[in-house]
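**Student:** Structure below; questions to follow.
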Amino acid sequence: MPRFQTLVSYLLLVIHTLLVFLLIFQEKVTIPSWLQPLGRMHPAILHLPIGLLILVGLLWVFRKEFEGVQFAKIFGFILSFSAFTAALAALMGFFLSREEGYTAELLNWHKYTGIGLSFLMYGLVLLHQQYVYRKVLFNVFLGVSLVVLMVTGHFGASLTHGEDYLFPSQNQENTPFTFDENTPIFEAAIQPILKAKCYQCHNEQKTKGDLLMTTIAGLLKGGKNGPIWVANDALNSHIIQRANLPLDDKKHMPPKGKPQLTPQEVGIITAWIQNGADAKKSLKALPANDPLKSLIEAFLKKPSNAPSPQQYTFDAASESTIQKLNNPFRVIFPIANNSPALQADFFVRQAYKAEQLGELSEIKTQLVALNLSNMPIKDDDLATISKLENLERLNLNNTDISGATLSKLEGLSKLKSLSLSGTKVSAKALQFLSKLPQLEEVFIWNTQVSETDLASLQKQIPKLRFELGYVPKASEVLKLNAPILVNENFVLSETDLVTFKHPLNGVIIRYTIDGSNPDTLSSPIFKTPFRLTNPYTVVKARAMKNNWYASDVIEIPFFKGTYRPSSVELLKEPNPTYKGEGSHTLINRKKGDPNDFKNPAWLGYRESPFEALFTFAQPTPIKIVTLSLGINIGNSIFPPTSVEIWAGSDKNSLSLVQKIQPTAPQKVEAARIQAIESQLKEGKYGAIKIIARPIGKLPEWHSGKGQPGWVFVDEVFFN
Amino acid sequence: MKEFLENRFNITRRHFLGKMTAGIGSVALGSLLVPDLFKGNGDDSDTLPLGIPHFAPKAKRVIYLFQNGAPSQYESFEYKPLLNKMAGEELPASIRMGQRLTGMTANQAKFPLVGSKFQFAQYGQSGMWMSELFPNIAGIVDDICMIKTMNTEAINHDPALTFMQTGAQQGNRPSMGAWASYGLGSENKNLPAFSVLLSRGKGNGQGVYSKLWTNGFLDSIHQGVVFSSGEEPILYLNDPAGTDRAARRKMLDNLSELNSMAFDDFGDPEINAKVQQYEMAYRMQTAVPELTDFSKEPDHIIKMYGPECLVPGTFAANCLLARKLSEAGVRFVQLYHQGWDQHGNMVGEMPLQAKDTDRASAALIKDLKQRGLLDETLVIWGGEFGRTNYSQGTATQDNYGRDHHPRAYCTFMAGGGVKPGFVYGETDDFGYNIVRDPVHINDFHATVLHLMGLNHEKLTYKHLGRRYRLTDVAGKVIPGLIA
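Here you go:
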């Protein structure tokens with residue numbers, strides 16, 4: 128006999144002797160804890176004998192297909208190995224069976240069939256060694272072994288997966304549990320929780336800790352640590368204590384890794400025990416303000432997170448009908464994937480045609496939502512709409528209906544939501560709404576319905592939610608926004624006019640051109656565009672309207688330039704970052720924005736003063752020179768410390784006409800345009816030079832104190 | 006010539022091979038197995054149809070009031086009196102837990118805590134805390150669902166904005182609105198399904214870039230259309246002087262005839278797309294003036310949004326326009342309001358920013374409500390991250406600033422199936438870390454798509470060999486936010 132088989136046959140003898148011994152003294156045997164892991168490996172090992180024994184059977188049946196002496200050797204080898212694994216699985220299974228929670232009948236069946244199988248296979252090994260003499264017996268043993276294998280396997284699977292795993296009992300699954308006020312709380316809430324979270328280990332088959340939770344009797348009896356609850360004393364009840372232990376605690380229930388009780392479920396069980404743990408008490412028996420009642424109600428009403436769309440029983444409209452009715456201005460689509468219900472939206476008032484509404488009769492069964500807002504729907508059209516029998520949402524906002532025929536909608540028995548905002552309907556027209564059985568909400572903002580109307584309407588039809596929306600209070604006065612200047616260019620030609628506008632209807636705009644702030648009474652009202660005569664004018668304007676506060680004052684500096692020099696020469700170069708479009712910048716009539724000093728309309732100077740020479744093709748009768756500066760204190764753009772105007776007949780005969788020292792700012796002010804004007808003596812000039820010196824050191828109060836400031840110039844005008 | 010042939014098939018090589026394997030698989034297995042078992046390697050669009058919600062949506066449309074630059078939660082919705090009590094004290098290291106800082110405060114020696122200069126009070130039946138800077142939003146707290154525990158990984162504006170809008174910190178993924186347009190299509194065929202409106206406040210601002218409303222790898226039809234902030238929100242919409250509608254129609258008809266001849270010759274599907282776009286532009290010529298004409302809005306609507314709403318390009322005007330666009334079926338209206346980056350001068354700038362947005366935001370929600378549209382329109386208000394509970398630079402008696410903080414910030418939603426008058430999540434007393442119910446940006450996206458009737462795991466697009474989602478490989482719907 129080969130060495131392997133010899134070894135196996137000794138091992139088989141040992142294991143089976145041990146098994147017989149253990150079976151006889153099983154009541155007295157305690158398994159040492161170091162053997163427990165061996166027991167728990169039973170599920171890992173047990174599939175080996177199953178597969179191998181089937182292989183043995185197959186090899187045996189088809190043995191004719193193998194030739195030569197090697198077959199008997201291989202077959203013997205496989206057979207002994209499979210018998211060995213069967214014995215091992217049986218032994219491990221025995222150890223495992225000694226653990227808690229498997230006291231039931233099913234386990235006994237599995238145990239004895241399993242051990243029986245092991246013996247049968249040991250017998251097979253022995254018979255095979257003397258096969259020549261015991262041919263028939265071997266065949267019988269093999270057949271019986273295969274049958275016992277199936278039986279044992281089935282018992283084992285039933286133990287781990289539950290008895291109704293293979294053939295779920297139909298009646299249990301298909302009739303959902305229904306309950307009402309009279310159902311005992313225990314059945315409605317407690318039992319379902321236990322079923323979901325506890326039954327897995329505390330059932331008739333697997334009764335861990337000797338605790339059976341599937342029956343009331345079992346629960347009352349408790350486990351090996353005694354009863355699991357103390358009525359009226361939840362905090363001393365084992366079940367609550369265990370549930371509240373930290374998850375890593377060995378005594379925490381349900382054990383780590385199993386589905387845990389939610390805080391809500393613990394709360395319900397706690398409250399129920401506190402209430403007396405009465406298995407018969409129903410929801411009805413609880414006083415209205417009992418905390419248990421609200422807990423249970425919240426639990427039973429648990430919303431399912433999966434969206435549960437309303438089920439529609441009517442047939443879907445045909446694809447071609449929907450296709451035919453769809454156009455860019457009337458869009459019809461199913462409310463969701465695979466839903467027969469349709470929604471129709473109308474868009475673009477101008478494109479609306481009266482017959483388009485009637486055409487919807489083809490889908491009158493399927494249409495559940497209709498949006499006609501802003502369409503020219505007339506009173507007569509409501510009769511057409513009333514034929515859409517399954518309509519649930521109807522939007523008639525800002526349509527032309529008067530409400531006179533609104534009661535035609537009476538037949539829309541499924542209607543839930545009706546929007547009438549922005550129409551002329553009155554409270555009287557809404558009285559019939561009480562006849563719509565499903566109606567929940569009505570939107571009546573911006574209609575004839577007043578707050579007092581609504582109060583009485585609400586009294587008549589209390590079940591409806593009316594939405595009156597925003598009703599402005601007389602006490603709420605807001606400030607108007609400032610007028611808008613239509614002109615885009617602040618440099619006016621001789622023919623240019625100044626124009627204002629305001630987007631709100633009924634606003635008046637008052638303005639001044641003398642630098643004063645426009646007041647609400649005497650300043651001129653802007654009616655028609657006006658002309659300015661001065662070379663530099665600051666126009667101030669503000670908007671006013673009844674029940675509104677007057678707007679802020681806007682201030683716009685306008686410039687005019689009668690004469691244009693033939694050339695400009697920058698005698699000092701501007702800072703390279705702000706060199707605009709070169710010397711031409713000063714006479715291109717492009718005004719800069721003092722908030723946007725990076726714009727090429729500006730020339731910026733810091734290191735050197737601004738110094739520019741303007742020459743005219745012929746002597747020109749200039750009276751006023753206007754230098755336009757940008758001021759942006761926050762960004763260190765200050766008025767110059769001094770401005771010098773030099774004038775003469777040509778550039779070689781210039782003389783200083785005026786030296787101006789603009790007032791220095793004392794604090795951070797808003798960015799603005801500042802103009803410096805210089806009056807020239809009467810005469811004709813061919814050349815003018817302007818020098819403007821930036822501030823050398825910014826004042827103490829400025830964030831950039833001590834550093835040099837900037838001068839920004841965008842235009843120079845000659846009038 | 007090869008290109009033309011491929012166009013004839015309108016199919017790519019990969020697509021073709023994918024379809025072929027599916028065909029062989031089906032033939033081989035025939036009716037023995039589920040026929041779809043071996044399908045699906047080829048094309049995702051087979052799994053769920055596009056242009057229709059996967060299930061019945063709660064929100065048909067979204068208006069996202071994006072507060073660009075990250076408004077401070079401590080001066081708006083997050084009431085943390087401990088910060089006032091501990092003002093000037095150092096942020097405990099046990100709270101900061103090694104949080105990565107921006108280059109602006111990383112070298113700061115101290116992190117002095119600073120509390121809100123502005124008063125807080127509770128409002129409405131829900132008793133939600135609100136700063137005095139937002140009196141109008143305080144008036145509608147019972148309609149809004151406040152998330153206190155938004156969180157992100159990004160700590161600088163560009164990646165954070167990009168993450169918030171596209172679900173990834175790097176650019177070139179489709180924006181939320183593009184995904185919505187891709188998944189649900191356009192409700193109103195006369196307007197772009199995804200519209201973008203820009204405005205700018207007086208506070209320290211951060212840029213907005215077109216990558217925030219990009220279609221990414223999706224078809225270009227899903228790209229956000231930016232409305233001009235000038236007097237005419239859509240440029241070049243008017244016919245040139247001297248052209249009447251009939252002439253325009255005739256011109257388009259002739260053009261489309263020429264185009265269909267070109268299509269017959271070349272078979273390029275882009276030609277058909279072009280024809281459709283001309284037609285849409287023609288319809289927009291009638292659809293848009295109705296929308297952009299505010300003169301028919303009643304006086305008290307103007308009062309509700311504030312008179313600023315008549316000045317084109319302001320946040321208030323954009324809110325009013327957003328309401329009109331949404332009412333007209335635009336799927337996703339995205340607003341950006343710049344100026345919320347208060348690293349310094351919190352006390353000076355925050356009230357101005359709040360004033361710009363408070364009244365119009367509240368008005369938009371009220372306006373939708375009174376028209377019966379709030380149930381089906383989801384309004385979202387929030388920025389790209391939060392701000393620190395300590396001062397950037399020294400906090401003086403009168404002023405302070407706050408740096409970027411990714412671990413927790415506030416965003417609120419209203420309508421569209423979210424719980425009204427409800428606060429979700431909680432941060433610690435320092436407002437620094439989340440103690441309960443975090444909402445990561447991916448979760449937020451998953452929830453918004455869910456509200457729109459889209460399963461974020463099934464809304465995919467195959468690109469460069471793998472399927473992409475707005476939530477990429479993360480995100481779960483937060484049921485606690487859904488009514």
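Residue numbers (this note's numbering), protein chains in the order written: chain A, 128 to 846; chain B, 6 to 488.
Where a beta carbon is used, it is the ideal one built from N, C-alpha and C, also for glycine.
1) Quick one: is A:L362 buried, meaning 16 or more other Cβ sit within 10 Å of its Cβ, or exposed?
2) Could you give the DSSP three-state label for A:D580: helix, strand or coil?
3) Please tell me whether B:T362 has its Cβ less than 7 Å away from any Cβ of chain A.
4) Going by DSSP, which residues form a beta bridge with B:M151?
5) When DSSP labels each residue in this structure, what does A:R848 get in the three-state scheme?
6) Please check if any C-beta of chain A sits within less than 7 Å of the C-beta of B:Q375.
7) Looking at the C-beta of B:T416, does it have a partner C-beta in chain A at a distance below 7 Å?
8) Who does B:Q72 pair with in a DSSP beta bridge?
9) For B:T465, decide whether its Cβ has a neighbour in chain A, counting only Cβ atoms nearer than 7 Å.
10) If you measure between the beta carbons of A:I803 and A:V770, is that distance less than 7 Å?
11) Using a beta-carbon distance below 7 Å, is A:N464 in contact with chain C?
12) Beta carbons nearer than 8 Å to chain B: which residues of the stretch 465 to 497 of chain A have them?
13) Determine whether the Cβ of B:A252 lies closer than 7 Å to any Cβ atom of chain A.
14) Could you spell out where the alpha helix (DSSP H) holding B:R253 opens and where it closes?
15) Leaving out the 5 sequence neighbours to the left and right, which residues in its chain are closer than 8 Å to B:K207 when beta-carbon positions are compared?
16) Since B:K424 and B:D448 should fall inside the 8 Å C-beta cutoff, what is the C-beta to C-beta distance between them, to a whole number of angstroms?
17) Please name the residue or residues paired with B:M351 in a DSSP beta bridge.
18) A:G596 CB to nearest chain B CB: under 7 Å?
19) Examine chain B for any beta-carbon lying closer than 7 Å to the beta-carbon of A:L607, and answer yes or no.
20) Exposed or buried, which one is A:P430 when buried takes at least 16 other CB atoms within 10 Å?
21) Report the neighbours of B:G247 on chain A: residues whose CB is nearer than 8 Å to its CB, in chain order.
22) Run through chain A and tell me which residues come within less than 8 Å of B:P59, C-beta to C-beta.
23) On the CB-based measure, 16 or more other CB atoms within 10 Å of its CB, does A:V147 come out buried or exposed?
24) Flag this pair as yes or no: are the beta carbons of B:C324 and B:L369 separated by less than 7 Å?
25) Step through the CB atoms of chain A and report whether any lies within less than 7 Å of the CB of B:M309.
26) Roughly how many angstroms lie between the CA atoms of A:L347 and A:P164, to the nearest whole one?
27) On the DSSP letters alone, give me the boundaries of the alpha helix (DSSP H) that A:K238 sits inside.
28) Classify A:N498 as helix, strand or coil using the three-state DSSP reduction.
29) With which residues is A:S540 paired in a DSSP beta bridge?
30) For A:W356, which residues in the same chain have their Cβ closer than 6 Å to its Cβ, ignoring the five residues on either side in sequence?
31) Beta-carbon of A:P630 versus every beta-carbon of chain B: anything under 7 Å?
32) Given that a residue counts as buried once 16 or more other Cβ atoms are within 10 Å of its Cβ, and exposed if not, what is A:H288?
33) List the residues of chain B that A:V458 touches, going by C-beta distances under 9 Å, in chain order.
34) Could you spell out where the beta strand (DSSP E) holding A:K786 opens and where it closes?
35) Just checking: is the beta-carbon of B:E313 within a distance shorter than 7 Å of some beta-carbon in chain A?
36) Could you name the residues that DSSP lists as bridge partners for B:H528?
**Tutor:** With the given structure in hand:
1) The count along the first sequence starts at 1 and reaches residue 362 of chain A at position 235. Under this definition A:L362 is an exposed residue.
2) Position 453 of the first sequence, counted from the start, is the residue given in the question as residue 580 of chain A. It is helical.
3) Numbered from its first residue, the second sequence carries residue 362 of chain B at position 357. Judged by the 7 Å Cβ criterion, B:T362 is not in contact with chain A.
4) Here the question's residue 151 of chain B lines up with position 146 in the second sequence. Looking at the DSSP assignment, B:M151 forms a beta bridge with B:F417, B:V428.
5) Outside the shown range of chain A, which is 128 to 846, sits residue 848 of chain A, and nothing can be said about it.
6) As a working mapping, residue 375 of chain B is identified with position 370 in the second sequence. Yes, contact with chain A.
7) Here residue 416 of chain B refers to the residue found at position 411 of the second sequence. No, no contact with chain A.
8) Position 67 of the second sequence, counting from 1, holds the residue named residue 72 of chain B. Partner(s): B:H342.
9) Position 460 of the second sequence, counted from the start, is the residue given in the question as residue 465 of chain B. No, no contact with chain A.
10) Your numbering for residue 803 of chain A matches position 676 in the first sequence. Your numbering for residue 770 of chain A matches position 643 in the first sequence. Result yes, Cβ atoms of A:I803 and A:V770 sit closer than 7 Å.
11) Among the chains of the structure shown, chain C does not appear; the protein chains present are A and B.
12) The residues in question are S466, D472, F474, V475, R476, Q477, A478.
13) Sequence index remark: in the second sequence, residue 252 of chain B carries index 247 (1-based). Chain A has no Cβ within less than 7 Å of the Cβ of B:A252.
14) Against the second sequence, residue 253 of chain B aligns to sequence position 248. Looking at the DSSP string, the run of the alpha helix (DSSP H) that includes B:R253 is 250 to 271.
15) Indexing the second sequence from 1 puts residue 207 of chain B at position 202. Only G344, E354, L357, Q358, D361 meet the Cβ criterion.
16) Start at 1 with the first residue of the second sequence, and residue 424 of chain B comes out as number 419. Start at 1 with the first residue of the second sequence, and residue 448 of chain B comes out as number 443. The pair is not a contact, with the Cβ atoms about 16 Å apart (cut-off 8 Å).
17) On the second sequence, position 346 is the one that residue 351 of chain B refers to. Bridge partners of B:M351: none, in fact.
18) As a position in the first sequence, residue 596 of chain A is number 469, starting the count at 1. Interface residue, yes.
19) Taking the first residue of the first sequence as position 1, residue 607 of chain A is located at position 480. Closer than 7 Å: yes.
20) Residue mapping note: residue 430 of chain A aligns to position 303 of the first sequence, counting from 1. Annotation note: pLDDT 48 at A:P430 (below 50); position unreliable, no value reported.
21) For the purposes of this step, residue 247 of chain B is taken as residue 242 along the second sequence, with counting starting at 1. Within 8 Å Cβ-Cβ: nothing; B:G247 doesn't reach chain A, min ~21 Å.
22) For the purposes of this step, residue 59 of chain B is identified with residue 54 of the second sequence, where counting begins at 1. Residue 59 of chain B is actually His in this sequence, not Pro. In chain order: A463, N464.
23) Looking up residue 147 of chain A in the first sequence gives position 20. Flag for A:V147 reads exposed.
24) For the purposes of this step, residue 324 of chain B is taken as the residue at position 319 of the second sequence. For the purposes of this step, residue 369 of chain B is taken as the residue at position 364 of the second sequence. At the C-beta level, B:C324 and B:L369 come within 7 Å of one another.
25) Residue numbering aside, residue 309 of chain B sits at position 304 when the second sequence is read from its first letter. By this cut-off, B:M309 is an interface position.
26) Position 220 of the first sequence, counting from 1, holds the residue named residue 347 of chain A. Position 37 of the first sequence, counting from 1, holds the residue named residue 164 of chain A. For A:L347 and A:P164, the distance between alpha carbons rounds to 33 Å.
27) Start at 1 with the first residue of the first sequence, and residue 238 of chain A comes out as number 111. 232 to 256 is the extent of the alpha helix (DSSP H) around A:K238.
28) Residue mapping note: residue 498 of chain A aligns to position 371 of the first sequence, counting from 1. Correct three-state label for A:N498: strand.
29) What you label residue 540 of chain A is simply residue 413 of the first sequence in a count that begins at 1. DSSP, once it has assigned bridges, lists no residue as partnering A:S540.
30) The count along the first sequence starts at 1 and reaches residue 356 of chain A at position 229. Excluding sequence neighbours, A:W356 sits near S364, I366, I400, A404.
31) The residue you call residue 630 of chain A lines up with position 503 of the first sequence. Chain B contact via Cβ: present.
32) For the purposes of this step, residue 288 of chain A is identified with residue 161 of the first sequence, where counting begins at 1. That one is exposed.
33) Residue 458 of chain A sits at position 331 when you count from the first residue of the first sequence. Simply S191, E192, N193, K194, G334.
34) In the first sequence, counting from the first residue as 1, residue 786 of chain A sits at position 659. Run containing A:K786: 782 to 787, per the beta strand (DSSP E) assignment.
35) Residue numbering aside, residue 313 of chain B sits at position 308 when the second sequence is read from its first letter. B:E313 counts as touching chain A.
36) There is simply no residue 528 of chain B to check, as chain B begins at 6 and stops at 488 in what is shown.
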